[in-house]
Amino acid sequence: VALLWELIGLICVKHGRSIARIELAGFSMGGRIALSLLDYRPEHIDRMILLAPDGLRNNYWYWLSTRTVLGRKIFAITVRNPGWLLFTLRVANKLKMINPAVFKFSWFYLKEAGARDLLFKRWMAMRWMRPDLEKIKQDIQNRDIPVLLIYGAYDRIMPAETGLAFCRDTHDLCKVELLPCGHQIMQLKNKKNLSKIFRRVRF
95 VALLWELIGL ICVKHGRSIA RIELAGFSMG GRIALSLLDY RPEHIDRMIL LAPDGLRNNY
155 WYWLSTRTVL GRKIFAITVR NPGWLLFTLR VANKLKMINP AVFKFSWFYL KEAGARDLLF
215 KRWMAMRWMR PDLEKIKQDI QNRDIPVLLI YGAYDRIMPA ETGLAFCRDT HDLCKVELLP
275 CGHQIMQLKN KKNLSKIFRR VRF
């Protein structure tokens, strides 16, 4: 996180901006990065926008795959030889044991070798980014940092309930807005609805 903060400082210098006060935004796993940066340097953050963010709840499978020796070995082997997992997903989907949206999302990231490799690298790179949510909530309140969380109403990957739980006891500094979509908030079809949210919330 410290290295990332230094990189942001260099970007600010390049564009003639001060790092003293900045705004953060992150989508999905980018939300974990934004939360970690706020945790690291809350005194420099003006406001934050999180779109279907990761990092607001503990994910057992993420922890097992990245924070344990056995889990990392199994994850690495699966990235190279995903047949057993793809078969399991297909069977589970056929038997309706998993949500169709979760199946579609998982299949997208596992069916191609390149996508699996990128997923492995992302998860390994972010395994040490563990934002302290209670500290962050205190910083939000103590420093009056407004936070806007936007979720897809039909998102089963990062459900809005996690954002609503996080926003409790933040004295209205955190707000949750919903879009009529699933996890892929950044698709062009949501542009108009996102604009409406930003105008209404005046964020």
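Sequential numbering of the sequence shown, starting at 95, is according to the working numbering. Even for Gly, the Cβ is constructed at its ideal location relative to N, Cα and C.
- Here the alpha carbon of residue 183 sits roughly 10 Å from the alpha carbon of residue 204.
- Secondary structure at residue 246: strand, using DSSP grouped into helix, strand and coil.
- The C-beta distance from residue 246 to residue 146 rounds to 6 Å, short enough to meet the 8 Å contact threshold.
- With fewer than 16 neighbouring CB atoms inside 10 Å of its own CB, residue 211 falls in the exposed class.
- Per DSSP, residue 282 is not a residue of any alpha helix (DSSP H), being assigned neither H nor E.
- When the beta-carbon positions are compared, residue 269 and residue 242 come within less than 7 Å of each other.
- Under the DSSP assignment, residue 95 falls outside any alpha helix (DSSP H); it carries neither an H nor an E label.
- In the DSSP assignment, residue 133 falls within the unbroken alpha helix (DSSP H) covering 123-134.
- Secondary structure in the region 185-235: the alpha helix (DSSP H) runs of 4 residues or longer, each lying completely within the stretch, are 194-204, 207-220 in chain order.
- Sequence-distant partners of residue 238 (beyond 5 residues in either direction) whose C-beta falls short of 8 Å from its own C-beta, in its chain, are 267.
- In this chain, the alpha helix (DSSP H) harbouring residue 258 covers 254-261.
- Shown here for residue 273: same chain residues with a beta carbon closer than 8 Å to its own, the five before and five after excluded, namely 244, 245, 246, 247, 279, 284, 287, 288, 291 in chain order.
- Here the alpha carbons of residue 229 and residue 133 stand approximately 7 Å from one another.
- Classified as exposed, residue 194 has fewer than 16 neighbouring CB atoms from the shown chains inside 10 Å of its CB.
- Contact between the region 133-143 and the region 118-125 is present, with at least three C-beta pairs closer than 8 Å.
- In the displayed model, residue 141 falls within a strand according to three-state DSSP.
- DSSP places residue 272 in the uninterrupted beta strand (DSSP E) bounded by 268-273.
- Of the residues 175, 150, 218, 198, the one whose Cα lies closest to the Cα of residue 254 is 150.
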